[in-house]
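> Just dropping this structure here.
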Amino acid sequence: MENQQIANQLDQAALKAIATNQISEINNIDLASAYNIQKLSIANRINRGEKLVGLKMGFTSKAKMEQMGVHDLIWGRLTDGMQYKIGDSLNLDQFIHPRAEPEIAFLISKDINEEVTLDNVKDFVGGVAVALEIIDSRFANFKFSLEDVVADNCSSAAFVIGDMKPADTNINGILMSMVGDDVIVGKGNSDAILGNPWESLVAAARLSKANGEPIKKDHLVLAGAATSAVFLKKGQTVSAHAEGLGSVFLDIV
Ligand code: OOG
Ligand code: MG
């Protein structure tokens, strides 16, 4: 199948909330083609009027890699159509088998055209926040290969960002947790993200620049979850908490 056809298949699966077969079952795609399919699939969303608002990193922690059986860093695109506000209702019918994970978000304060390291990364950041990411693989049973998940925009489905805190707010070694119906359903330490969550932004800057699409001012970057993800249930309130950054929640309806 052509990349465009696969991109359309994944876009339609997301739009209709109907799972599709793993593309790696019948197509021999490499990682570069998978990223190309991702780009084409997101282009369909852009053509429908959505705007690119940032990117997300995936598999930046052992907990996530082990849960999903994929051990490489991946990145996907975020659009405004995926963005919810704190306390919004998230309608389960619009998703296939969504899961939630607590994250850290960075707000970028200037275009990142040069090489970024741990020493200068904060110069490009206007704020940090806690976030709740909703992932929803378009593949049946949430099962995929590295190439499948990359083509599927790294399972990106929805996200909500908490109130921005100053960029120098401590995000190292902080407790991150997720609560569903007053019960802690996930817990981890922010340093589980590549040993230091800032490393995730350094990697995001490097990967997006290498791809010819450097991160832009006002973009958001999600660092990747420090905990494994949990399935959502109707009627639940799900929240993400990060020590010193506050919390965010969504009502699942
Ligand atoms: C892929 C998305 C991974 C993260 O935070 O590691 C991700 C998946 O688990 O379906 O968002
Ligand atoms: Mg994530």
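Residue numbers (our numbering): 322 to 574. Glycine included, C-beta positions come from ideal geometry on N, C-alpha and C. All of these numbers come straight from a predicted model, not from anything done at the bench.
With distances taken from CA atoms, which of Glu387, Asp572, Val471 is nearest Met378?
The shortest C-alpha separation from Met378 is found at Val471.
> What separation, rounded to the nearest whole angstrom, lies between the Cα atoms of Lys508 and Gln330?
Cα to Cα, the separation comes out at about 35 Å.
> Reducing DSSP to helix, strand and coil, say where Leu541 ends up.
Strand, per DSSP.
> Among Leu571, Asp393, Asn493, Ala338, whose alpha-carbon lies nearest the alpha-carbon of Asn517?
Ranking the options by Cα distance to Asn517, first place goes to Asn493.
> DSSP beta-bridge partners for Gly507?
Its beta-bridge partners are Met499.
> Quick one: grab the DSSP three-state call for Val523.
It is helical.
> Terminal residues of the continuous beta strand (DSSP E) containing Ser568?
Element bounds for Ser568: 567-573.
> Can you check which of these residues, Gln333, Lys360, Ile573, is closest to Gly501 by C-alpha distance?
Closest by alpha carbon: Ile573.
> Relative to the C-alpha of Arg459, which candidate in Asp432, Glu323, Thr341 has its C-alpha closest?
Considering only alpha carbons, the answer is Thr341.
> Might you give, ordered along the chain, the residues of its own chain that have their beta carbon closer than 8 Å to the beta carbon of Pro535, omitting 5 neighbours on each side?
Around Pro535: Asp432, Ile433, Asn434, Ala526, Ser529.
> Compare the Cα-Cα distances from Ser498 to each of Glu424, Gln415, Ala335 and report the closest residue.
Ranking Glu424, Gln415, Ala335 by Cα distance to Ser498 puts Glu424 first.
> So is Gly483 buried or exposed if we call it buried at 16+ other beta carbons inside 10 Å?
Flag for Gly483 reads buried.
> Go ahead and pull the three-state DSSP assignment for Leu394.
Residue state, collapsed to three classes: coil.
> Would a C-beta distance cut-off of 9 Å place Val374 and Leu541 closer than the cut-off?
Yes, Cβ-Cβ distance for Val374 and Leu541 is below 9 Å.
> On the three-state DSSP scale, how would you describe Ala486?
It should be noted that the sequence gives Lys, not Ala, for residue 486. Correct three-state label for Lys486: strand.
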